[in-house]
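Colleague: Count along the sequence shown starting at 1, add 1, and that's the number in my numbering. No residue lacks a Cβ here, since even glycine has one placed at the ideal position from N, Cα and C. Keep in mind that this is a model prediction, so the values were computed, not measured. Below you'll find the structure I mean.
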Amino acid sequence: MLAPFLMTSIAIGQGGRIGAAPPPSARAIRFSTDEGTWVSLDVSPNGRAIAFELLGDIYIMPVGGGPARAILTGTAFQSQPRFSRDGASLTYVSDGDGSDNIWIAGPGGEHPRALTTMRRATMLSPEWSADGRSIYATVFEGRTADLWRFDVATGAGEKIVPNANGAASLLVSTPPPGPYGAHVTADGKWLYYASVTPRPYGSRNGASSRLVRRDLATGRDEPVTVEEPVAMKPVTSPNGALLAYGAQARGQT
2 MLAPFLMTSI AIGQGGRIGA APPPSARAIR FSTDEGTWVS LDVSPNGRAI AFELLGDIYI
62 MPVGGGPARA ILTGTAFQSQ PRFSRDGASL TYVSDGDGSD NIWIAGPGGE HPRALTTMRR
122 ATMLSPEWSA DGRSIYATVF EGRTADLWRF DVATGAGEKI VPNANGAASL LVSTPPPGPY
182 GAHVTADGKW LYYASVTPRP YGSRNGASSR LVRRDLATGR DEPVTVEEPV AMKPVTSPNG
242 ALLAYGAQAR GQT
């Protein structure tokens, strides 16, 4: 079930003044589906639940399948949920305050609050630190992307991996160049990410995306060698023995 939501229209009054018209009555919408597109998900640390986004709302469901329960709904567009390592909190991206920002709530959507207060940025791929004290996210304003770290207690942020892949190409509808898809290993030692360079305008060469990992103790980066020339979204297994990632090969992702 999709929880009730409100739609706000704009009314033009006398003298051309623009104001918010009274919202119509809320209405409940019920729907059933067994598939979705552009779905971002995360598995709870205890392996029992999946949090996922669908049509701008966040749901939770049993990992073995079954009914999904909406936990974050409303007029805001909410996406990319991630559980903290202890399972006590959920971070996600929401435009609930008028622009994309990092938010935090309880694992069932309780007590949502905005962690960041940026006004003109786009936020992607929030990721908890191993100790739960920080959240990493890709932030892009304008034509380049950077990787930031935000303090959970204060919301203070710092740019830790700046874009090193030049400026974005004009007239090319691709993400800005820079680091994307941060992932912190369970032991807190390594920060993995994908370093993306979009296709140059007029070039026959495609985009490139290489995997990198940073030693969080020293700040030094080193390449992660994989077979595919375009690799993205690196994730390590809880025991650190395996690396999963998305890739483009032979025209398929």
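(1) Go through its chain and collect everything with a Cβ distance to residue 180's Cβ below 6 Å, but skip five positions before and after it.
(2) Excluding the five sequence neighbours on either side, which residues of its own chain have a C-beta within less than 8 Å of the C-beta of residue 239, listed in chain order?
(3) Beta-carbon separation of residue 211 and residue 245 under 8 Å?
(4) Could you give the distance in angstroms between the alpha-carbon of residue 185 and the alpha-carbon of residue 30?
(5) Cβ atoms of residue 81 and residue 57: under 8 Å apart, would you say?
(6) Can you look up residue 112 in the DSSP assignment and give me helix, strand or coil?
(7) Rounded to a whole number of angstroms, what is the C-alpha to C-alpha distance between residue 189 and residue 159?
(8) Measuring CA to CA, which of 86, 74, 36, 35 is closest to residue 43?
(9) Here's the rule I'm using: 16 or more other beta-carbon atoms within 10 Å means buried, otherwise exposed. How should residue 254 be labelled?
(10) Which residue wins for smallest C-alpha separation from residue 191, given the options 93, 130, 84?
(11) What are the boundary residues of the beta strand (DSSP E) that residue 213 is part of?
(12) Among 69, 207, 27, 126, which one has its Cα closest to the Cα of residue 50?
(13) Report the CB separation of residue 128 from residue 183 in whole angstroms; it is logged as a contact under 8 Å.
(14) Starting from residue 142 and walking both ways along the beta strand (DSSP E), at which residues does that stretch end?
(15) Determine the direct distance from the alpha carbon of residue 227 to that of residue 112, and round the result to whole angstroms.
Modeller: In terms of the structure at hand:
(1) 148, 162, 194, 196
(2) 187
(3) no
(4) 38 Å
(5) no
(6) coil
(7) 18 Å
(8) 86
(9) exposed
(10) 130
(11) 209-216
(12) 69
(13) 5 Å
(14) 135-142
(15) 41 Å
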